[in-house]
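J.: Got a structure for you, written out below as structure tokens; questions coming shortly.
Protein chains in written order, with the UniProt record's numbering: chain A, 1 to 349; chain B, 1 to 349.
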């Protein structure tokens with residue numbers, strides 16, 4: 001089969017690799033229908049994170065089950081499935097507690113599991129899915145083609161935006177600020193509206209993203225950043241400020257911006273992968289009771305409830321994909337995101 | 001009147017100072033019945049925090065209203081009142097949102113208000129109370145003398161322990177670990193039991209504090225600290241671990257210990273004043289969804305509900321006072337806490 005391999009900065013290649021096989025009775029093989037490129041894939045692509053040796057890449061996919069191991073009972077060949085970006089065994093304490101992202105046998109797509117076995121990257125034609133029953137979620141019927149992008153968004157960005165909102169306790173009537181206008185930030189806007197927020201300020205400089213933010217439910221847009229952005233949000237929201245701020249970038253600057261617009265006693269829900277190891281300013285947090293909640297999103301936990309809303313048409317997170325290419329053009333899928341010509345690229349094998 | 005003045009390291013003096021007067025129509029004058037020494041008072045006493053010039057000290061008190069300004073309607077002369085350690089105006093957005101600790105006109109005992117006026121320290125015979133209606137809470141009748149310590153504990157330590165528990169979302173059935181066995185840590189144990197926690201692990205090395213922790217509801221005691229303490233807690237709680245960890249010290253080591261025993265997806269509720277500006281390790285927090293909530297406790301907000309439980313006898317946080325002295329012996333009240341001969345010292349003018 002063909003699979004995407006990252007070799008180093010700006011060097012991503014589609015290569016011939018061995019077809020995956022069922023290694024364990026809990027495995028499934030899934031034929032990928034659609035995959036995509038994540039903002040975090042760009043870290044390796046840009047060389048921000050080193051690539052000491054070539055590695056499979058991609059962690060978001062929907063597909064059709066091709067084969068299942070003898071112990072798999074939850075999905076059957078032929079079913080359309082969504083896979084979460086992080087894989088758990090479904091049985092450890094952390095999985096039972098809703099955090100498969102901390103599974104004691106957890107593994108990421110493109111990585112090696114607890115016994116050293118390769119788990120395929122998602123930007124490929126086929127993948128072996130460990131602990132298939134715990135990870136795959138099947139749709140009731142084979143979905144219409146126009147639903148594919150929104151279903152694919154459930155494998156990461158929509159669940160991640162939702163996690164930011166849940167972590168920040170967004171609820172009916174909340175006033176929310178979203179820092180970051182990438183796919184996750186936009187999904188955080190959508191998740192906030194879904195949870196009943198009545199005022200949603202999107203911090204975004206790009207007209208196309210501002211438009212999508214408004215479509216997703218943003219009531220206000222602030223284009224400024226840093227101190228000017230903080231001042232603009234405060235001017236907009238007045239003395240009460242924002243009780244929930246969703247940090248969807250992961251830099252020191254974006255986290256500081258998030259903390260600076262949170263009202264005393266409020267919550268920062270953060271899902272931006274911390275880049276470069278910024279630490280959190282506990283003195284500022286302590287003095288104003290600024291709470292920081294979130295982390296790597298347990299999207300598998302949220303999949304059933306979000307799937308229901310995608311299937312009903314209540315939410316359409318697939319709108320974040322503004323570029324669709326064949327898998328053969330994976331290089332352009334990366335380049336377009338890297339050069340900010342696309343919010344998020346979808347590829348079809 | 002006599003008031004306590006901190007001059008520098010180990011130099012705390014009871015001095016003759018002017019009686020406070022009603023400066024504004026929203027002020028009250030309160031005659032102090034009991035005050036106490038806080039762990040945070042020791043920072044100045046020990047020289048950890050510099051004392052550039054002599055200053056009034058003490059921020060916890062109960063007393064009797066002597067006089068009120070023309071605009072005060074909530075308390076009357078002769079009433080017994082509890083004062084919170086931080087004073088707000090009661091009307092700004094932050095006060096209305098339950099965080100008078102972030103009041104735009106907020107002031108601490110012993111400090112200077114937004115117009116530069118001195119606010120007396122609580123370790124004194126009399127105090128002027130700004131915004132009396134917003135800050136003072138009167139008891140329905142004059143309390144029995146044996147209730148005084150528990151009522152005094154509501155001015156800070158019990159409300160602060162409660163804030164740690166509320167911030168960490170302690171609820172019926174919770175498994176809780178409390179880091180710190182000072183008066184606040186012990187109150188955090190009591191607050192956890194009050195909120196229905198069924199397993200409460202107190203981390204404490206001192207036999208007298210271990211005993212009080214058990215009396216307050218601790219089901220387990222771990223005497224080890226640091227890595228050994230973390231291992232002991234993990235051994236004790238097994239794979240599920242602690243969903244709520246209450247950090248009641250404020251050092252980098254204690255916060256790290258708290259994070260290290262929190263289960264993925266769990267909450268650290270922290271109320272230990274961050275000493276020396278430790279930052280928070282966002283990478284560890286992100287990877288395991290360790291949420292950090294809390295800060296300077298809005299004890300005024302919690303006063304009514306906690307007062308009801310003190311008056312009914314449901315809780316007796318005054319047990320944390322194991323030394324009672326006349327105000328004239330304020331020096332010994334500090335020394336006993338500094339030398340760990342007392343958990344917490346109560347003084348009566």
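The beta carbon of each residue, even a glycine, is placed where N, CA and C say it ideally should be. Since the model is a prediction, treat every value here as computed from it, not as a measurement.
(1) Got a sec? Which residues, its chain only, sit under 6 angstroms from residue 192(A) by beta carbon, not counting five neighbours each side?
(2) For residue 337(B), which option in 41(B), 204(B), 150(B) has the closest C-alpha, if you only look at C-alpha atoms?
(3) List the DSSP bridge partners of residue 142(A).
(4) Please report the distance separating the alpha-carbon of residue 94(B) from that of residue 273(A).
(5) Would residue 135(A) count as contacting chain B if we go by Cβ distances under 7 angstroms?
(6) Considering only DSSP beta bridges, list what residue 31(A) is partnered with.
(7) Which of the three DSSP states, helix, strand or coil, is assigned to residue 148(A)?
(8) If contact means a Cβ-Cβ distance below 9 angstroms, which residues of the stretch 280-296 of chain A contact chain B?
(9) May I ask you to report which of helix, strand or coil DSSP gives residue 1(A)?
(10) Under 7 angstroms, do residue 216(A) and residue 246(A) count as touching if we go by C-beta distance?
(11) Determine whether the Cβ of residue 63(A) lies closer than 7 angstroms to any Cβ atom of chain B.
(12) Could you give the DSSP three-state label for residue 216(B): helix, strand or coil?
(13) Considering only residues of the same chain and omitting the five flanking positions on each side of residue 265(A), which have a CB-CB separation below 7 angstroms?
(14) Measure from the C-beta of residue 264(B) to each C-beta in chain A and report whether the shortest distance is under 7 angstroms.
(15) Is the CB of residue 85(B) under 7 angstroms away from at least one CB in chain A?
(16) Chain E partners of residue 121(A), CB-CB under 7 angstroms?
(17) Taking the straight line between their C-alpha atoms, what separation do you get for residue 127(A) and residue 326(A)?
(18) Is residue 339(A) helix, strand or coil when you go by DSSP?
(19) Label residue 182(B) either buried or exposed according to how many other C-beta atoms from any shown protein chain fall within 10 Å of its C-beta, with 16 as the threshold for buried.
(20) Measure the CB-CB distance between residue 261(B) and residue 233(B) and report whether it falls below 7 angstroms.
(21) Using 8 angstroms for Cβ pairs, my map puts residue 35(B) next to residue 347(B). What's the rounded Cβ distance?
(22) Apply the 10 Å Cβ neighbour rule to residue 76(B) and answer buried if 16 or more other Cβ atoms are within range, or exposed otherwise.
(23) Pull out every residue of the stretch 75-101 of chain A whose Cβ sits closer than 9 angstroms to any Cβ of chain B, in chain order.
(24) Of all the CB atoms in chain A, is at least one closer than 7 angstroms to the CB of residue 274(B)?
(25) Would you give the residue range spanned by the beta strand (DSSP E) that residue 176(A) belongs to?
(26) Show which residues of chain B have a CB atom less than 9 angstroms away from the CB atom of residue 167(A).
(27) For residue 146(B), count neighbouring Cβ atoms within 10 angstroms of its own Cβ and tell me buried if that reaches 16, exposed if not.
(28) With 16 as the cutoff for other CB atoms within 10 Å, does residue 21(B) come out buried or exposed?
(29) Do residue 87(A) and residue 18(A) have their C-beta atoms within less than 7 angstroms of each other?
(30) For residue 235(B), is the classification buried or exposed, using 16 other Cβ atoms within 10 angstroms of its Cβ as the cut-off for buried?
(31) Secondary structure at residue 103(A), three-state DSSP: helix, strand or coil?
(32) Is the CB-CB distance between residue 56(B) and residue 120(B) below 7 angstroms?
(33) Distance check for residue 220(A) and residue 244(A), CA to CA, integer angstroms please.
(34) As a quick exercise: from 223(A), 335(A), 135(A), pick the residue whose alpha carbon is nearest that of residue 73(A).
(35) What residues from chain B crowd round residue 329(A), counting only those whose CB sits closer than 8 angstroms?
(36) Closer than 7 angstroms by beta-carbon distance: list the chain B residues that pair up with residue 208(A), in chain order.
T.: If we stick to the structure as given:
(1) Counting from one through the first chain, the residue named residue 192(A) turns up at place 192. Counting only Cβ-Cβ distances below 6 angstroms, and skipping sequence neighbours, we find 165, 170, 176, 200.
(2) Counting from one through the second chain, the residue named residue 337(B) turns up at place 337. Per the Cα distances, 41(B).
(3) By 1-based counting over the first chain, the position of residue 142(A) is 142. Beta-bridge pairing links residue 142(A) to no other residue.
(4) As a position in the second chain, residue 94(B) is number 94, starting the count at 1. As a position in the first chain, residue 273(A) is number 273, starting the count at 1. About 31 angstroms.
(5) Mapped onto the first chain, residue 135(A) falls at position 135. No, residue 135(A) does not count as interfacial toward chain B.
(6) Mapped onto the first chain, residue 31(A) falls at position 31. Looking at the DSSP assignment, residue 31(A) forms a beta bridge with 64(A), 126(A).
(7) In the first chain, the residue the question calls residue 148(A) occupies position 148. Helix at residue 148(A).
(8) 280, 281, 282, 283, 285, 286, 287, 288, 289, 290, 291, 292, 293, 294, 295, 296
(9) Here residue 1(A) refers to the residue found at position 1 of the first chain. Note: residue 1(A) maps to coil in three-state DSSP.
(10) Locating residue 216(A) in the first chain gives position 216, counting from the first residue. Locating residue 246(A) in the first chain gives position 246, counting from the first residue. No, Cβ-Cβ distance for residue 216(A) and residue 246(A) is not below 7 angstroms.
(11) Taking the first residue of the first chain as position 1, residue 63(A) is located at position 63. It does not: the Cβ of residue 63(A) has no partner Cβ on chain B nearer than 7 angstroms.
(12) Numbered from its first residue, the second chain carries residue 216(B) at position 216. Reduced to three states, the DSSP call for residue 216(B) is helix.
(13) To locate residue 265(A), count along the first chain from 1; it is residue 265. Taken in chain order, the residues that qualify are 289.
(14) Your numbering for residue 264(B) matches position 264 in the second chain. Output row for residue 264(B): interface = yes.
(15) Within the second chain, residue 85(B) is the residue found at index 85, counting from 1. Answer no: the Cβ-Cβ gap between residue 85(B) and chain A never drops below 7 angstroms.
(16) Looking at the structure shown, chain E is missing, and the protein chains on hand are A and B.
(17) On the first chain, position 127 is the one that residue 127(A) refers to. On the first chain, position 326 is the one that residue 326(A) refers to. C-alpha separation (whole angstroms): 17 angstroms.
(18) Along the first chain, one-based indexing puts residue 339(A) at 339. If DSSP states are grouped into helix, strand and coil, residue 339(A) belongs with coil.
(19) Counted from its first residue, the second chain places residue 182(B) at position 182. The residue in question, residue 182(B), is buried, as its Cβ has 16 or more Cβ neighbours within 10 Å.
(20) Numbered from 1 along the second chain, position 261 holds the residue referred to as residue 261(B). Numbered from 1 along the second chain, position 233 holds the residue referred to as residue 233(B). Taking 7 angstroms as the Cβ cut-off, residue 261(B) and residue 233(B) qualify as a contacting pair.
(21) Looking up residue 35(B) in the second chain gives position 35. Looking up residue 347(B) in the second chain gives position 347. About 5 angstroms separates the two Cβ atoms, so the contact holds.
(22) On the second chain, position 76 is the one that residue 76(B) refers to. With fewer than 16 Cβ atoms within 10 Å of its Cβ, residue 76(B) is classed as exposed.
(23) 92, 93, 94, 96, 97, 98, 99, 101
(24) To locate residue 274(B), count along the second chain from 1; it is residue 274. At least one chain A Cβ lies under 7 angstroms of residue 274(B).
(25) Taking the first chain and counting its residues from 1, the one referred to as residue 176(A) is at position 176. Run containing residue 176(A): 175-179, per the beta strand (DSSP E) assignment.
(26) As a first step, residue 167(A) must be located in the first chain, where it is residue number 167. Within chain B, the residues near residue 167(A) are 289, 291.
(27) For the purposes of this step, residue 146(B) is identified with residue 146 of the second chain, where counting begins at 1. Classification for residue 146(B): exposed.
(28) Here residue 21(B) refers to the residue found at position 21 when the second chain is read from its first residue. Classification of residue 21(B): exposed, given that the 10 Å Cβ count is below 16.
(29) For the purposes of this step, residue 87(A) is identified with residue 87 of the first chain, where counting begins at 1. For the purposes of this step, residue 18(A) is identified with residue 18 of the first chain, where counting begins at 1. When the beta-carbon positions are compared, residue 87(A) and residue 18(A) stay at least 7 angstroms from each other.
(30) Within the second chain, the letter at position 235 stands for residue 235(B). Classification of residue 235(B): exposed, given that the 10 Å Cβ count is below 16.
(31) Residue numbering aside, residue 103(A) sits at position 103 when the first chain is read from its first letter. Three-state DSSP puts residue 103(A) in coil, outside helix and strand.
(32) The residue you call residue 56(B) lines up with position 56 of the second chain. The residue you call residue 120(B) lines up with position 120 of the second chain. Yes, the Cβ-Cβ distance between residue 56(B) and residue 120(B) is below 7 angstroms.
(33) If you number the first chain from 1, residue 244(A) lands on position 244. If you number the first chain from 1, residue 220(A) lands on position 220. Straight-line Cα distance between these residues: approximately 15 angstroms.
(34) Residue numbering aside, residue 73(A) sits at position 73 when the first chain is read from its first letter. Restricting attention to 223(A), 335(A), 135(A), the CA atom closest to the CA of residue 73(A) is found in 135(A).
(35) Taking the first chain and counting its residues from 1, the one referred to as residue 329(A) is at position 329. Under the 8 angstroms cutoff, chain B gives no residues; its nearest Cβ is about 32 angstroms from residue 329(A).
(36) Within the first chain, residue 208(A) is the residue found at index 208, counting from 1. The premise fails here: residue 208(A) is roughly 29 angstroms from chain B at the closest Cβ pair, so nothing lies under 7 angstroms.
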